[in-house]
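**Q**
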DNA sequence: ATTTTTTGTGAGCAGTCGTTCAACTACGGA
DNA sequence: TCCGTAGTTGAACGACTGCTCACAAAAAAT
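Residue numbers (my numbering), protein chains in the order written: chain A, 9 to 206; chain B, 9 to 206.
(1) Buried or exposed for residue 50 of chain B, please, with buried defined as at least 16 other CB atoms from any protein chain shown within 10 angstroms of its CB.
(2) Which residue wins for smallest C-alpha separation from residue 79 of chain A, given the options A:142, A:151, A:20 and A:150?
(3) From A:21, A:23, A:55 and A:101, pick the residue whose C-alpha is nearest to that of residue 13 of chain A; which is it?
(4) By the criterion of Cβ-Cβ separation under 7 Å, what are the contact partners of residue 64 of chain B in chain A?
(5) Using a Cβ distance threshold of 8 Å, determine whether the stretch 155 to 164 of chain A contacts the stretch 147 to 160 of chain B, with at least three qualifying pairs required.
(6) What runs of the alpha helix (DSSP H), each 4 residues or longer, lie entirely inside the stretch 39 to 97 of chain B?
(7) Cβ of residue 83 of chain A within 9 Å of Cβ of residue 144 of chain A?
(8) For residue 192 of chain B, is the beta carbon positioned less than 8 Å from some heavy atom of the ligand FMN?
(9) Hey, does residue 2 of chain B have any beta-carbon neighbour from chain A nearer than 9 Å?
(10) Within 10 Å of its beta-carbon, does residue 38 of chain A have 16 or more other beta-carbons around it, so buried, or fewer, so exposed?
(11) In chain B, which residues lie less than 7 Å from residue 171 of chain A when you measure between Cβ atoms?
(12) Bridge partners of residue 183 of chain A, per DSSP?
(13) My guess is that residue 27 of chain B and residue 36 of chain B are in contact by the Cβ rule of under 8 Å, so how many angstroms apart are they, rounded?
(14) Can you find a CB in chain A that lies within less than 9 Å of the CB of residue 14 of chain B?
(15) Output the distance between the C-alpha atoms of residue 18 of chain A and residue 76 of chain A, rounded to the nearest integer angstrom.
(16) For residue 66 of chain A, I'd like the list of residues in its chain whose CB is within less than 6 Å of its CB, leaving aside the five on either flank, ordered along the chain.
(17) Is residue 124 of chain B helix, strand or coil when you go by DSSP?
(18) My understanding is that residue 158 of chain A touches residue 195 of chain A, with C-beta atoms under 8 Å, so please give their C-beta distance in whole angstroms.
(19) Of all the CB atoms in chain A, is at least one closer than 9 Å to the CB of residue 115 of chain B?
(20) Rounded to a whole number of angstroms, what is the C-alpha to C-alpha distance between residue 200 of chain A and residue 91 of chain A?
(21) Can you check whether the CB of residue 117 of chain A is closer than 9 Å to the CB of residue 174 of chain A?
(22) Cβ of residue 179 of chain A within 9 Å of Cβ of residue 120 of chain B?
(23) Taking all protein chains shown into account, do 16 or more other C-beta atoms lie within 10 angstroms of the C-beta of residue 45 of chain A, making it buried, or fewer, making it exposed?
(24) So within the stretch 109 to 173 of chain B, which uninterrupted alpha helix (DSSP H) runs reach at least 4 residues, ignoring any that extend past its ends?
(25) Any idea which residues DSSP pairs residue 200 of chain B with across the strands?
(26) What does residue 146 of chain B touch in chain A if you count any residue whose Cβ is under 8 Å from its own?
(27) Is the Cβ-Cβ distance between residue 177 of chain B and residue 34 of chain A less than 9 Å?
What follows is the structure in structure tokens.
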């Protein structure tokens, strides 16, 4: 054996994730990373090989924890799937953080030409979200909350786009009132049954 | 007077715009800019003061030419506003360019924490698009193409988000078939009247 | 023709980038 | 106890960053 690792990998990835989410891949220098994680370059490079490697690991952690977690809580588990979709949207900008860091997937997708190694991870995360929407829509339809002839695949794709667009607007500093309006419109666009309808 | 400027400012801004659109602000170095525009740093700095200054000028040019132009052609002028909205969406990813550079507004919005000087320009551009949507929707409603009780402001905001989301997905390398599906959904979500309806 | 004014050129600046590595520290096994 | 091994440290590397400026070139003013 030998000396034991003094730091927790999950904690370091969480710090790196926060930093990348806020500043992007190019905008986060290794000095920034050093400060954020408390790790010196030697340790970082021993475990993650490169800045790229760290970024990919952080993106994977983001997918496995943040994205999967949010999809589960808002899209897979709620007994009211329509309300779940709504809260999935609003929780994207009501983070309590200022400034709102947006979504690492969105930010990385846009940066993808300068970080091509990350595109696979971005796709994986987007797929998770889209599948989550599809699941929630299917369940909502089965519960009679949505029109029976709603095309789940098409609606899920549109909700994904709308969600990514919302996160762009979050980054652009759009006021929350407008973000709520968009969320309301998103829900309305999947055509939930009103009271007394159908 | 003195010596005359040898280069066309509009051409230089167009080249810079292309470069920034593809690589982002941080991803485009001054050497890249030099190569793309054919200008040496001295000339660049005499006219634009800094990399920031050049970027802001390029973003303004993007707003004034690309954004305004596309809004006019697809949203303000067409006699069929619904078809115009559709072509506004599809023209965002059927650029004929490979790889598709996406939209400078979208990309800059996401990069905004590392280029805070550009947020005002981004907002201006987004407002132009949203107003364009609102104009097209109003005209469509007046023509009886849409339901009379459609809320134009809400729908315009949602179309803007959807459009920005589409551009994120473009950057993520989403296949065109899916982008078309999303476009179809966007049109369907504003509820255009079918034949025989109303 | 000479001076003045503006523009173009590109070598070079100080600082930062991602990355490496030799010295050092802590632990398990003999 | 001492050795082998794994982890930590931070100074330093070459490459690159945004940017400057002394000089050359060209056009207007004199």
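We put the beta carbon where it would ideally sit given N, CA and C, even for glycine. In this text, all values refer to a predicted model and were calculated from it rather than measured experimentally.
**A** The answer reads as follows:
(1) exposed
(2) A:142
(3) A:55
(4) Near residue 64 of chain B there are no residues of chain A at all, since even the closest Cβ is about 16 Å away, more than 7 Å.
(5) no
(6) 49 to 56, 59 to 69 and 76 to 79
(7) yes
(8) Among the components modelled here there is no ligand, and therefore nothing to report on the ligand FMN.
(9) This structure cannot settle anything about residue 2 of chain B, because the visible part of chain B is limited to 9 through 206.
(10) exposed
(11) 173
(12) According to DSSP, which records beta bridges pairwise, residue 183 of chain A is partnered with nothing at all.
(13) 5 Å
(14) no
(15) 16 Å
(16) 21, 24, 25 and 28
(17) helix
(18) Not really, about 13 Å apart at Cβ, beyond 8 Å.
(19) yes
(20) 10 Å
(21) no
(22) yes
(23) buried
(24) 112 to 118 and 127 to 150
(25) B:154
(26) Result: empty, since nearest Cβ-Cβ is about 16 Å, beyond 8 Å.
(27) no
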